[in-house]
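Chemist: A single structure is presented below for examination.
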Ligand code: SF4
Ligand code: SF4
């Protein structure tokens, strides 16, 4: 399977099964279009357009790639070598929040339940479980999440200390991250985070108007003025350590590239702005009718990005335009999907385990708890046979090894079926892959 | 090659025997938390 596309005066060809990406000229693009290079009738038109010598030369280059398994490569079925082992955890430190963002899947922090904070005891049991269930895996990922995790800061500190104490005896490496709305960030917390968290995710949606429309304080005021200066303080002190200013775009800001540019102007250099995960009936959900505009928006952003990357005063990283063509994950990893429920769980303050943070509060998805471990095998099994090649749409999709099958929560929200991906998500994913390749090729020149 | 420039050298099918350790980041954690992209992640096993 191949996919060819044109963007910003560049022709790209992706060979799905080998993962190779070729930048080609117009004649190759024409020859690959509907496999014209194979058809005498179609070749005639190409001879007319480019002349026989050049056409023959181009066809021989195509044949060379095919012979060397670089184009139209057959699928190598690799099987599931990575044995499922839970090694990543989202700790919902607080089912409470000091903002009430309209699109919050946590229903303004309480996940449709009582407001509550995670106790050290619950967190500790969760870590013990993580150490055990991860078996031989060394790297463990723990994200302090919420609601708003800083509402439970003291317990976070205790848990980090506890996690560190487990590293040597069990040969583990904890990578702590935190996702915060910024309201409670003061110097003390900032210094702690900068010292202890390998990544910090700062929730900000971009322009003041965009941010304040969705991210409101409990008194219905916008949050922008408070959080931006706190975030700026944090990144100023953070040095080279990883962070992401992380926004969400919805049907209300289809021109989200403006939000990204604004975040760059505010000084943020690592930016991740993503489509909202929402049920289709929500007013802000992204639907089929938005796709064309959103794709255009990505393309404009990608062109802007190429120029920005050439100038050290303007450059920034956009999370979804980073594609690692050489050092990326292996084909096993690319096949298995996001890991929800099999490698990754979310833990509530009460100690329930869910397959991922997006399912928290939907009680039929509880898979276990800190006292008994994973008990609901049937629920977990739903998350097992959903690798890219298990899903008919993904199996045929050229982007499958860049995407790995999309978000299960989205598939479930829109189609009530883990095997049918959320189409809007797919369209945007594919566009982002094309954009990333265009960017790579332009920056290599 | 005059008409084709290949951006990457390694194929997905290279070294499949030594790959698959499962040490790399779980897709959705950390930077994004709403979508699962693997193409932009790092392999921990090199
Ligand atoms: S989720 Fe969509 S974009 Fe991703 S592999 Fe499946 S069909 Fe392709
Ligand atoms: S289901 Fe979606 S939100 Fe949950 S871990 Fe997978 S990609 Fe992430």
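Residue numbers (this note's numbering), protein chains in the order written: chain Y, 590 to 1034; chain A, 42 to 87. For each residue, glycine too, the CB sits at the ideal point set by N, CA and C.
Please determine if the segment 991-1004 of chain Y and the segment 877-890 of chain Y are in contact, where contact requires at least 3 C-beta pairs separated by less than 8 angstroms.
Modeler: Too few Cβ pairs lie closer than 8 angstroms, so no.
Chemist: So with CB distances below 7 angstroms, who are the chain A contacts of residue 1068 of chain Y?
Modeler: Residue 1068 of chain Y cannot be examined here, being either before or after the span of chain Y that is shown, 590 to 1034.
Chemist: Under the DSSP definition of a beta bridge, which residues are partnered with residue 601 of chain Y?
Modeler: As a first step, residue 601 of chain Y must be located in the first chain, where it is residue number 12. Y:594, Y:612, per the DSSP bridge assignment.
Chemist: Between the beta-carbon of residue 53 of chain A and the beta-carbon of residue 612 of chain Y, is there less than 8 angstroms?
Modeler: Translated into positions along the second chain, residue 53 of chain A becomes position 12. Translated into positions along the first chain, residue 612 of chain Y becomes position 23. No, they are not a contact pair.
Chemist: Within the 8 angstroms Cβ cut-off, does residue 684 of chain Y reach chain A?
Modeler: Looking up residue 684 of chain Y in the first chain gives position 95. No, residue 684 of chain Y does not count as interfacial toward chain A.
Chemist: Mind checking whether residue 859 of chain Y and residue 894 of chain Y have CB atoms under 8 angstroms apart?
Modeler: Mapped onto the first chain, residue 859 of chain Y falls at position 270. Mapped onto the first chain, residue 894 of chain Y falls at position 305. For residue 859 of chain Y and residue 894 of chain Y, no; Cβs fall outside 8 angstroms.
Chemist: Less than 8 angstroms between CB atoms is the rule here; does residue 1029 of chain Y satisfy it with respect to chain A?
Modeler: As a working note, residue 1029 of chain Y is residue 440 in the first chain. Output row for residue 1029 of chain Y: interface = yes.
Chemist: When the Cα atoms are used, what is the spatial distance from residue 1049 of chain Y to residue 1020 of chain Y?
Modeler: Chain Y is shown only over 590 to 1034; residue 1049 of chain Y falls outside these bounds and no answer can be derived.
Chemist: Could you give the first and the last residue of the continuous alpha helix (DSSP H) run that contains residue 814 of chain Y?
Modeler: The residue labelled residue 814 of chain Y in the question sits at position 225 within the first chain. Segment 813-827, the alpha helix (DSSP H) holding residue 814 of chain Y.
Chemist: Quick one: using the 10 Å Cβ neighbour count with 16 as the cut-off for buried, is residue 836 of chain Y buried or exposed?
Modeler: For the purposes of this step, residue 836 of chain Y is taken as the residue at position 247 of the first chain. Flag for residue 836 of chain Y reads buried.
Chemist: Return yes when at least one heavy atom of ligand 1 lies under 7 angstroms from the C-beta of residue 545 of chain Y, else no.
Modeler: The question about residue 545 of chain Y has no answer here: the residues shown for chain Y are numbered 590 through 1034.
Chemist: So is residue 966 of chain Y buried or exposed if we call it buried at 16+ other beta carbons inside 10 Å?
Modeler: As a position in the first chain, residue 966 of chain Y is number 377, starting the count at 1. So residue 966 of chain Y ends up on the exposed side.
Chemist: From residue 651 of chain Y to residue 978 of chain Y, what distance separates their C-alpha atoms?
Modeler: Against the first chain, residue 651 of chain Y aligns to sequence position 62. Against the first chain, residue 978 of chain Y aligns to sequence position 389. Between residue 651 of chain Y and residue 978 of chain Y, the C-alpha separation is close to 27 angstroms.
Chemist: Quick one: list the residues of chain A neighbouring residue 918 of chain Y, beta-carbon separation under 7 angstroms, in chain order.
Modeler: Here residue 918 of chain Y refers to the residue found at position 329 when the first chain is read from its first residue. Correct list: 65, 79, 82, 84.
Chemist: Let's see if you can read the secondary structure: which residues bound the alpha helix (DSSP H) around residue 851 of chain Y?
Modeler: In the first chain, counting from the first residue as 1, residue 851 of chain Y sits at position 262. Residues 845-854.
Chemist: My guess is that residue 1045 of chain Y and residue 803 of chain Y are in contact by the Cβ rule of under 8 angstroms, so how many angstroms apart are they, rounded?
Modeler: No answer is possible for residue 1045 of chain Y: it lies beyond the span of chain Y, which begins at 590 and ends at 1034.
Chemist: Spatial neighbours of residue 599 of chain Y within its chain, please: C-beta separation below 6 angstroms, excluding the five flanking residues on both sides.
Modeler: Walking along the first chain from the start, residue 599 of chain Y turns up at place 10. So the qualifying residues of the chain are 1027, 1030.
Chemist: Can you tell me whether residue 970 of chain Y is buried or exposed? The criterion is at least 16 other CB atoms within 10 Å of its CB, across all chains shown.
Modeler: The sequence position of residue 970 of chain Y within the first chain is 381, counting from 1. Flag for residue 970 of chain Y reads exposed.
Chemist: Can you tell which of A:67, A:82, A:84 has its C-alpha closest to the C-alpha of residue 928 of chain Y?
Modeler: Start at 1 with the first residue of the first chain, and residue 928 of chain Y comes out as number 339. Residue A:67 is the option with its Cα nearest to residue 928 of chain Y.
Chemist: Taking C-alpha atoms, which residue in Y:809, Y:855, Y:626 lies nearest to residue 653 of chain Y?
Modeler: The residue labelled residue 653 of chain Y in the question sits at position 64 within the first chain. Nearest C-alpha to residue 653 of chain Y: Y:626.
Chemist: Only counting the same chain, and skipping five residues up and downstream in sequence, which positions put a Cβ closer than 8 angstroms to that of residue 1014 of chain Y?
Modeler: Here residue 1014 of chain Y refers to the residue found at position 425 when the first chain is read from its first residue. If we look at residue 1014 of chain Y and ignore the five residues flanking it on each side, its Cβ neighbours are 864, 995, 996, 999.
Chemist: Among Y:922, Y:964, Y:660, which one has its Cα closest to the Cα of residue 45 of chain A?
Modeler: On the second chain, position 4 is the one that residue 45 of chain A refers to. Cα-wise, what sits closest to residue 45 of chain A is Y:660.
Chemist: Determine the closest residue to residue 974 of chain Y out of Y:988, Y:1018, Y:1006, Y:708, with distance taken between C-alpha atoms.
Modeler: Position 385 of the first chain, counting from 1, holds the residue named residue 974 of chain Y. Comparing Cα-Cα distances from residue 974 of chain Y to each of Y:988, Y:1018, Y:1006, Y:708, the minimum goes to Y:1006.
Chemist: Of all the CB atoms in chain A, is at least one closer than 8 angstroms to the CB of residue 760 of chain Y?
Modeler: Counting from 1 along the first chain, the entry for residue 760 of chain Y is found at position 171. So no, residue 760 of chain Y is outside the interface.
Chemist: When we look at the beta-carbon of residue 1023 of chain Y and count the other beta-carbons within 10 Å, is it buried (16 or more) or exposed?
Modeler: For the purposes of this step, residue 1023 of chain Y is taken as residue 434 along the first chain, with counting starting at 1. The residue in question, residue 1023 of chain Y, is buried, as its Cβ has 16 or more Cβ neighbours within 10 Å.
Chemist: How about residue 929 of chain Y: is its Cβ closer than 7 angstroms to a heavy atom in ligand 2?
Modeler: The sequence position of residue 929 of chain Y within the first chain is 340, counting from 1. Within the cutoff, so yes.
Chemist: For the beta strand (DSSP E) that residue 729 of chain Y lies in, which residues bound it at each end?
Modeler: Counted from its first residue, the first chain places residue 729 of chain Y at position 140. Residues 728-734.
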